[in-house]
Amino acid sequence: VGFFKSWTASSMQRSIELIGLRRAEGSQPKSKEGMTIVLERLRQGGLTCVLDGMRRDREAAFGPQSPFKRAFGGRSENELNIRED
Numbered sequence: 001v002g003f004f005k006s007w008t009a010s011s012m013q014r015s016i017e018l019i020g021l022r023r024a025e026g027s028q029p030k031s032k033e034g035m036t037i038v039l040e041r042l043r044q045g046g047l048t049c050v051l052d053g054m055r056r057d058r059e060a061a062f063g064p065q066s067p068f069k070r071a072f073g074g075r076s077e078n079e080l081n082i083r084e085d
């Protein structure tokens, strides 16, 4: 209990902000590279080219069986009887 009492709200906030800042700095180059790829695909073939490229990238990363297909057997929403309430 004494250990947690030494953590003030401001010190915890600083720690959380530093963690967020480090993650943001680390992801910035990846975001810039991703946006460059998307813009290049838009120039080449429009939205269809972007979506096809995203599909190919996903298949390259996860294989032809995406995590969704592995979890749900490739069935559609209608086949899974998913209803929005």
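full-length UniProt numbering puts the first residue of the sequence shown at 1, with every later residue one more than the last.
Where is the CB? At the ideal position from N, CA and C, for every residue including glycine.
Q: Could you check what DSSP says for Q13 in three-state terms: helix, strand or coil?
A: The three-state reading of DSSP puts Q13 in helix, counting H, G and I together.
**Q.** Proximal residues to V50 (C-beta, below 8 Å), its chain only, five neighbours per side dropped
**A.** Only V38, R41, L42 meet the Cβ criterion.
(Q) Distance check for S10 and I16, CA to CA, integer angstroms please. (A) About 10 Å.
Q | Where T8 sits in the DSSP three-state scheme | A | Of the three classes helix, strand and coil, the one that applies to T8 here is coil, per DSSP.
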